[in-house]
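Everything in the sequence shown is counted per the numbering used here, starting at 171 for the first residue and increasing by one.
Even glycine gets a Cβ: it sits at the ideal position worked out from N, Cα and C.
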Amino acid sequence: MAVLLAQFPASSCGDCTSGTTTLTAGDLAAIDTYFTAMHDYYFEASYGNLDLTFKFFGSNTAALDADGDATAVAAGAYTMPNEMEYYGCGDEGVGCSGVATPSDPFVSANGNFLIRDALVLAQGVTTGPDAQGSGGTFHAVMVMHAGNGNETTLSTNGDIWSIFYSDDATITSGGGGFTQGAAFPETEASGITSPLGVMCHEFGHELGLPDLYNTTVAGGSSVVGDWEIMDSGPFTGDGANPAHPSAWSKALLGWVTPTVVGTQGAVSMGYVETNTNGMIRINVPNGLAQEYFLVEYRSRSSPETYDKDIPGDGLLVWHIDDAITSARGIGAVDPSDANTVNTGAPHYGVSIVSADGTNPASGGSAGNAFSNGDIFITPQSDNFAGDPSGVSIVNISGVGTHTATLNVVALDVSASQSILKAVNYPNPAGKGYSHPSGEGNSTIQFQLSRPAKEYSINLYTLSADLVRKIPKADITLNITRSADYKWVYEYLWNLTNGDGAHVAPGVYLYLIRADGESKSGKAVIIR
């Protein structure tokens, strides 16, 4: 990867820019650490598939050196022929009073002119860099420049907004055979202490990833929040610990192939940060031709370096329509559709189904991810048309450990909750009455019209004295005994009370509660 280092003449527009206009020796040393971190980020996120090498070009790069320098410190920086505001004014759509830009009289982003001018300087001093498509050695070109990125200084209009351009004639005119490129700053503002996240985001475009925020809103409007490097994930950890690409992005780049699952028993998933088995794909039976759910196990406790400041831990469910993502990605056939995956019309191409219903767009929250005991059912699992898909995810456990487990089930559910049946067997139970787990046990079973979010069993004497509370965590959803509109839950009672002592012979009441519904029954114990 060719990295062109850029600084600027002193600004003449007063406070229309921020940060510094030059790159000092200390700045160049910091740049080397940023690119080392960028290498590590992509090596980690790609499961070792992407091993980037950066070569730097600047004022110290030797004449006729088409290969560049190994470090930014060695390369130095080119001084651009124009001030920072020449390239920055216009990228917010308002311009700067009295400042001429290359796109005048139109007001637009001009980062492509920065890349062009840096390429012209590099070509004038050396014989490179040259793109692979032109017989050179470089897959991509990027410019790191002095000053802050306008994405974090906002109203300081002369700052340059970090940006990626593809199939750009202006960049091509700079020489070297490059047709696309990215520009990003050496510093950020507003509490963002590192440009690393922005660097990784813009390079994501070089790889072919689209923005997953709504690009049709001025400045961008978040859709999937801090869970994804291609939305607001560049700014997690104050920019120094960016979020990983999502399951969809990793699959798009070919780093992993999600396992397609239908109705089956327990599925095990490791941390997606570390394991290629950390995601599954569930096709939507009655959905659109390219509609599916992706489930990944995200964790801040994985042994990897990055993804440490995502909003929470658990199973993240993505709702995908690849008819939209393929038609509106970076390489869209119609240029007007390019990079518009998540406009929301007619629906998002890549979105998160939030476990607790909170919108992930505002950075995201821990409640977006499904945790132990949560369920994924209608209406969350409805298809894009709003019809129940028949897909459910139940028996989620292991979140917070190295491996999470779950069941994917294709059984119909009722629109509302009801307790269809409550029994216990054997009844009587105790001495002389056999049970699959041995004499002295009783199974309390109840059947629901749909999986429950909350459920419990309380045991009482006939005089209403509490004998034992049985929490949700101790009750099992038995998938093999369940059927359409009949979800079977079971608890194996060893005939003891809450203190672990055997209960006396007699008649006991059990009270089952499930999502606001209740049902009771009687259990007879023989000693």
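Let me know if Q302 comes out buried or exposed under the rule of 16 or more other beta-carbons within 10 Å of its beta-carbon. exposed
What alpha helix (DSSP H) runs, 4 residues minimum, are completely inside the stretch 311–357? 320–323, 339–342
C-beta contact flag for N282 and I341 at 8 Å: yes
Output the residue ranges of the beta strand (DSSP E) runs that lie fully inside the stretch 517–605 and measure 3 residues or longer, sorted by chain position. 520–523, 562–567, 573–579, 589–595
Over the uninterrupted beta strand (DSSP E) stretch that includes W418, give me the two end residues. Taken as a continuous stretch (DSSP letters only), W418 belongs to no beta strand (DSSP E), being part of the alpha helix (DSSP H) at 417–422.
Among T194, F178, D221, the one whose alpha carbon lies nearest that of Y256: F178
E214 versus A353, D477, P355, E398, residue with shortest Cα-Cα distance: D477
Among Y678, Y212, F276, P355, whose alpha-carbon lies nearest the alpha-carbon of A200? P355
Looking only at DSSP bridge pairs, what is V677 linked to? V694
Can you find the residues in the same chain that come closer than 8 Å, C-beta to C-beta, to G409, ignoring five residues on each side of it along the sequence? E358, I362, T363, S364, P365, L366, G367, V368
If you count every other CB in all the chains shown that lies within 10 Å of the CB of L636, and 16 or more means buried, which is it? exposed
Thinking C-alpha only, which one of A599, A592, I399 is nearest Q617? A592
Can you name the residues that DSSP bridges to T429? I450
If contacts are defined as beta-carbon pairs under 8 Å, then N320 and D235 qualify, I think. What distance do you get, rounded to the angstrom? Contact doesn't hold; Cβ gap of about 32 Å is too wide.
Between which residues of its own chain and S391 is the CB-CB distance below 7 Å, once the five residues before and five after are set aside? Y383, N384
Quick check: G519 and D396, are their CB atoms within less than 8 Å of each other? no
Starting from the C-beta of Y595, find all residues in its chain whose C-beta is less than 6 Å away, skip the five residues before and the five after it, and write them out in chain order. T613
Provide the residue(s) that pair with G440 in DSSP beta bridges, ordered along the chain. T573
Cut-off 8 Å between Cβ atoms - residues of its own chain near P455, not counting five sequence neighbours on either side: S559, G560, V561, A580
Buried or exposed for S469, going by 16 or more other Cβ atoms inside 10 Å? buried
Jot down the residue ranges of each uninterrupted alpha helix (DSSP H) in the stretch 216–287, minimum 4 residues, whole runs only, in chain order. 242–245, 254–258
Beta-carbon separation of G351 and V311 under 8 Å? yes
Return helix, strand or coil for V368, following the three-state DSSP convention. helix
Beta-carbon separation of F540 and E461 under 8 Å? no
Nearest to N667 by CA position, among I640, L379, T427, is which residue? I640
Looking at C-alpha atoms only, which residue of G514, E253, A684 is the closest neighbour of C186? E253
Is it true that the CB of V487 sits closer than 8 Å to the CB of V511? no
Between which two residues does the alpha helix (DSSP H) carrying A176 extend? No alpha helix (DSSP H) holds A176; the beta strand (DSSP E) holding it covers 172–177.
Buried or exposed: which applies to S471, given that a residue is buried once 16 or more other Cβ atoms fall within 10 Å of its Cβ? exposed
Can you say whether V677 is buried or exposed, counting buried as having 16 or more other CB atoms within 10 angstroms of its CB? exposed
Among D237, I480, Q587, S278, nearest to G305 - alpha-carbon criterion: D237
Whole-Å CB distance - A417 paired with T406, under 8 Å assumed: Rounded, the Cβ-Cβ distance is 17 Å, inconsistent with contact.
Looking only at DSSP bridge pairs, what is I640 linked to? I627
When we look at the beta-carbon of F276 and count the other beta-carbons within 10 Å, is it buried (16 or more) or exposed? exposed
Going by the beta-carbon positions, is the gap between G600 and I695 smaller than 8 Å? yes
For G457, which of H375, F226, D552 has the nearest alpha-carbon? D552
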